[in-house]
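Enquirer: Please read through the structure below; I'll follow up with questions.
Chains as they are written, first to last, in the working numbering: chain A, 39 to 314; chain B, 39 to 314.
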């Protein structure tokens with residue numbers, strides 16, 4: 039059995055390209071249709087109601103117009119606040135978010151049971167990582183903080199140097215102080231926003247080798263492979279899959295800034311502008 | 039003659055509150071209706087087409103639903119790319135943007151004829167400040183650069199300290215190097231984004247006393263007073279005017295972050311959430 043329909047990947051903009059990159063590496067023969075809601079980004083500072091309504095519109099478009107066989111919500115904010123309504127709205131098309139795989143990666147990585155999470159305002163406020171981690175391992179201690187500026191720094195390409203270093207110190211110092219509520223210092227940092235993997239080298243440098251950094255891109259890709267296999271939805275064949283992109287704003291900025299996250303050039307010919 | 043209808047003030051989010059603050063100081067008896075399109079901010083990284091379509095929706099709502107007697111576009115990006123279509127779409131309701139007043143303030147301030155402009159990506163790309171300054175004084179040299187991160191820094195409240203200082207140096211150094219195209223070093227910096235006035239102390243510190251900083255808040259307020267007087271639309275009376283706010287996302291963040299820009303607390307009771 040072979041199912042050549044594309045896998046839909048949705049993000050508020052360009053951060054989700056880090057997840058698409060991991061998916062491509064695991065599933066080189068699959069076709070992908072990536073939708074970035076660039077006209078309305080960022081989602082991270084917006085309310086749960088607004089994010090849910092935007093994400094539903096986008097995911098429905100991937101299913102109805104794009105004919106995708108599965109939807110991956112490659113946006114932590116949307117995964118945090120909208121996964122329930124999305125699963126309901128898209129059924130029976132399978133849906134995978136990035137929060138549950140990220141939480142699972144954090145639980146696997148920690149040795150002392152104290153996990154730190156950095157994310158957008160919306161993800162932190164919604165508390166989805168805390169719930170997901172405690173759903174897997176209720177005995178864990180979870181500390182989290184919103185790192186709003188990291189999104190802008192990543193998009194500006196200022197991913198190293200003194201500005202990024204100072205910002206990392208300012209956000210992370212309170213999280214990694216010696217005694218948080220009697221727990222040991224966190225030994226694991228979950229990157230709870232798909233923009234953040236490009237900042238990992240500086241974060242690792244600021245935190246030192248005792249702290250493990252985990253992001254949800256790889257574990258999400260693993261979860262997608264498992265789900266497709268179980269449902270018999272994998273594509274067969276040895277040809278390289280295609281990647282097409284849809285954006286809601288003009289593609290100029292997406293094509294210019296996107297490669298930082300995707301790790302490869304993005305051809306303007308592969309990008310279509312749509313209305314949501 | 040007295041016209042108690044409110045003055046409509048529109049911005050993509052919260053930066054326009056710096057303009058509203060100047061308007062309130064000049065026109066204490068007027069009523070104001072401020073609309074922040076917080077669900078779709080920021081406009082600064084979006085295309086001209088998208089910004090024009092959003093701004094038209096918002097301005098029409100101010101006129102049709104809010105019954106305003108004038109619309110102030112307190113957003114540089116929207117003023118830069120959408121003022122023509124907006125004036126056409128709202129006629130005969132008078133419309134004032136912030137770019138023309140900002141350009142006028144820059145031309146008045148410079149002594150050596152070289153004006154630097156900092157703004158969002160959208161404003162810089164559209165070139166509206168260059169056109170507006172050359173429309174007033176064609177002999178001027180204008181240099182401009184996009185300072186994308188300043189918006190995030192202002193909204194995070196990181197308006198001083200090493201991160202803001204490093205970012206200011208990084209953005210401003212190329213603009214204020216000794217010899218730009220044979221012209222003298224700029225002696226004037228136009229703050230071409232309504233978020234930037236709260237960053238003025240650090241910018242002044244980085245640039246030194248030889249460079250004058252101008253923003254469009256005060257000159258826009260002056261232009262509004264002139265236009266209302268000329269059309270006989272000023273309110274009469276000695277009572278204090280009311281300010282009401284409408285936002286497109288939930289008001290929590292607007293009420294929390296807005297006072298940095300407005301210079302006064304914002305009561306949640308004065309803020310209504312609407313759909314556009």
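Even glycine gets a Cβ: it sits at the ideal position worked out from N, Cα and C. This structure is a prediction, so every number in the text was calculated from the model and none was measured.
1) At 3 residues or longer, what runs of the beta strand (DSSP E) sit wholly inside the segment 186 to 269 of chain A?
2) Using a cut-off of 9 Å between C-beta atoms, extract the partners of residue 191 of chain A located in chain B.
3) Anything in the segment 70 to 97 of chain B with a Cβ closer than 7 Å to a Cβ of chain A? List those residues in chain order, please.
4) Determine the direct distance from the alpha carbon of residue 208 of chain B to that of residue 255 of chain A, and round the result to whole angstroms.
5) Given that residue 194 of chain B touches chain A, what residues does it touch there, using C-beta distances under 8 Å?
6) Return the first residue and the last residue of the alpha helix (DSSP H) that residue 65 of chain B is part of.
7) Kindly say whether residue 201 of chain A, judged by its beta-carbon, lies nearer than 8 Å to any beta-carbon of chain B.
8) Looking at C-alpha atoms only, which residue of A:288, A:282, A:290 is the closest neighbour of residue 73 of chain A?
9) Could you list which residues in chain A have their beta carbon closer than 9 Å to that of residue 287 of chain B, in chain order?
10) According to DSSP, simplified to helix, strand and coil, what is residue 138 of chain B?
11) Skipping 5 residues on each side, what residues in its chain have a beta carbon closer than 7 Å to that of residue 308 of chain B?
12) Which residue comes first and which comes last in the beta strand (DSSP E) that contains residue 46 of chain B?
13) Tell me the rounded alpha-carbon separation between residue 233 of chain A and residue 201 of chain A.
14) What did DSSP end up calling residue 81 of chain A once you bin it into helix, strand or coil?
15) In the DSSP output, what is residue 74 of chain B paired with across the bridge?
16) Using the C-alpha atoms, what's the distance from residue 70 of chain A back to residue 275 of chain A?
17) Compare the Cα-Cα distances from residue 237 of chain A to each of A:268, A:273, A:267, A:193 and report the closest residue.
18) Out of curiosity, what's the CA-to-CA distance linking residue 190 of chain A and residue 196 of chain B?
19) If we call anything under 8 Å between Cβ atoms a contact, is residue 182 of chain B one with residue 154 of chain B?
20) Measure the alpha-carbon distance for residue 40 of chain A versus residue 265 of chain A and round it to whole angstroms.
21) Going along the segment 227 to 258 of chain A in order, which residues come within less than 7 Å of chain B, judged by CB to CB distance?
22) Using DSSP bridges, identify the partner residues of residue 133 of chain B.
23) Give me the chain A residues within the contact set of residue 204 of chain B, using Cβ-Cβ distance strictly less than 9 Å, ordered along the chain.
24) Kindly list the residues whose CB is nearer than 7 Å to the CB of residue 248 of chain B, restricted to its own chain and excluding five residues on each side of it in sequence; keep chain order.
25) Chain B beta carbons: is any one of them nearer than 8 Å to that of residue 208 of chain A?
26) Residue 291 of chain B CB to nearest chain A CB: under 8 Å?
27) What's the C-alpha gap between residue 161 of chain A and residue 117 of chain A?
28) According to DSSP, is residue 91 of chain A part of a helix, a strand, or is it coil?
29) Skipping 5 residues on each side, what residues in its chain have a beta carbon closer than 6 Å to that of residue 166 of chain B?
30) How many whole angstroms separate the CB atoms of residue 291 of chain A and residue 311 of chain B, which I take to be in contact at a CB cut-off of 8 Å?
31) Output the boundary residues of the alpha helix (DSSP H) element that contains residue 154 of chain B.
32) Do three or more CB pairs link the segment 287 to 306 of chain B to the segment 88 to 104 of chain B at distances below 8 Å?
33) Could you give the distance in angstroms between the alpha-carbon of residue 168 of chain A and the alpha-carbon of residue 185 of chain B?
Expert: Based on what the coordinates show:
1) DSSP runs (the beta strand (DSSP E)) wholly in the segment 186 to 269 of chain A: 226 to 229, 250 to 253.
2) For the purposes of this step, residue 191 of chain A is taken as residue 153 along the first chain, with counting starting at 1. Near residue 191 of chain A (Cβ distances below 9 Å), the residues of chain B are 187, 190.
3) Look at the segment 70 to 97 of chain B: the residues with a C-beta under 7 Å from a C-beta of chain A are 77, 78, 83, 84, 85, 87, 88.
4) For this step, residue 255 of chain A is matched to residue 217 along the first chain. For this step, residue 208 of chain B is matched to residue 170 along the second chain. Distance between the alpha carbons of residue 255 of chain A and residue 208 of chain B: 32 Å.
5) As a position in the second chain, residue 194 of chain B is number 156, starting the count at 1. For residue 194 of chain B, the C-beta contacts it makes with chain A under 8 Å involve 186, 187, in order along the chain.
6) To locate residue 65 of chain B, count along the second chain from 1; it is residue 27. First-last for residue 65 of chain B: undefined, no H or E at that position.
7) As a working mapping, residue 201 of chain A is identified with position 163 in the first chain. Yes - at least one Cβ of chain B is within 8 Å of the one on residue 201 of chain A.
8) Taking the first residue of the first chain as position 1, residue 73 of chain A is located at position 35. Nearest of A:288, A:282, A:290 to residue 73 of chain A, Cα basis: A:282.
9) Taking the first residue of the second chain as 1, we reach residue 287 of chain B at position 249. Chain-order list of chain A residues neighbouring residue 287 of chain B: 83, 84, 85, 87, 88, by C-beta distance under 9 Å.
10) Position 100 of the second chain, counted from the first residue, corresponds to residue 138 of chain B. Helix, per DSSP.
11) Along the second chain, read from residue 1 onward, the residue named residue 308 of chain B stands at position 270. Contacts found: 281, 282, 283.
12) Residue numbering aside, residue 46 of chain B sits at position 8 when the second chain is read from its first letter. Residue 46 of chain B: member of the beta strand (DSSP E) spanning 45 to 49, first to last residue.
13) Here residue 233 of chain A is taken as the residue at index 195 of the first chain, counted from 1. Here residue 201 of chain A is taken as the residue at index 163 of the first chain, counted from 1. Rounded to the nearest angstrom, the two C-alpha atoms are 17 Å apart.
14) Looking up residue 81 of chain A in the first chain gives position 43. In the displayed model, residue 81 of chain A falls within coil according to three-state DSSP, outside both helix and strand.
15) Taking the second chain and counting its residues from 1, one reaches residue 74 of chain B at position 36. As a beta-bridge residue in DSSP terms, residue 74 of chain B pairs with B:49, B:285.
16) Counted from its first residue, the first chain places residue 275 of chain A at position 237. Counted from its first residue, the first chain places residue 70 of chain A at position 32. Rounded to whole angstroms, residue 275 of chain A and residue 70 of chain A show a C-alpha spacing of 15 Å.
17) Counted from its first residue, the first chain places residue 237 of chain A at position 199. The shortest C-alpha to C-alpha distance from residue 237 of chain A to any of A:268, A:273, A:267, A:193 is the one to A:193.
18) Translated into positions along the first chain, residue 190 of chain A becomes position 152. Translated into positions along the second chain, residue 196 of chain B becomes position 158. Going by the C-alpha atoms only, they are around 13 Å apart.
19) Here residue 182 of chain B corresponds to residue number 144 of the second chain, with the count starting at 1. Here residue 154 of chain B corresponds to residue number 116 of the second chain, with the count starting at 1. Yes.
20) Numbered from its first residue, the first chain carries residue 40 of chain A at position 2. Numbered from its first residue, the first chain carries residue 265 of chain A at position 227. For the pair residue 40 of chain A and residue 265 of chain A, the Cα-to-Cα distance works out to about 15 Å.
21) Along the segment 227 to 258 of chain A, none of the residues has a CB nearer than 7 Å to a CB of chain B.
22) Along the second chain, read from residue 1 onward, the residue named residue 133 of chain B stands at position 95. Paired residue(s): B:109.
23) Within the second chain, the letter at position 166 stands for residue 204 of chain B. Chain A residues near residue 204 of chain B: 199, 200, 201, 204.
24) Here the question's residue 248 of chain B lines up with position 210 in the second chain. Excluding residues up to 5 positions away in sequence, 225 lie with their Cβ nearer than 7 Å to the Cβ of residue 248 of chain B in the same chain.
25) Locating residue 208 of chain A in the first chain gives position 170, counting from the first residue. Interface residue, yes.
26) Here residue 291 of chain B refers to the residue found at position 253 of the second chain. At least one chain A Cβ lies under 8 Å of residue 291 of chain B.
27) Start at 1 with the first residue of the first chain, and residue 161 of chain A comes out as number 123. Start at 1 with the first residue of the first chain, and residue 117 of chain A comes out as number 79. Between residue 161 of chain A and residue 117 of chain A, the C-alpha separation is close to 8 Å.
28) Taking the first chain and counting its residues from 1, the one referred to as residue 91 of chain A is at position 53. Helix, per DSSP.
29) For this step, residue 166 of chain B is matched to residue 128 along the second chain. The answer, listed in chain order, is 118, 137.
30) The count along the first chain starts at 1 and reaches residue 291 of chain A at position 253. The count along the second chain starts at 1 and reaches residue 311 of chain B at position 273. Not a contact, Cβ separation roughly 29 Å.
31) In the second chain, residue 154 of chain B corresponds to position 116, counting from 1. Per DSSP, residue 154 of chain B lies in no alpha helix (DSSP H) segment; the continuous beta strand (DSSP E) that holds it begins and ends at 152 to 157.
32) These segments do not touch.
33) As a working note, residue 168 of chain A is residue 130 in the first chain. As a working note, residue 185 of chain B is residue 147 in the second chain. Annotation: residue 168 of chain A to residue 185 of chain B spans about 35 Å, alpha carbon to alpha carbon.
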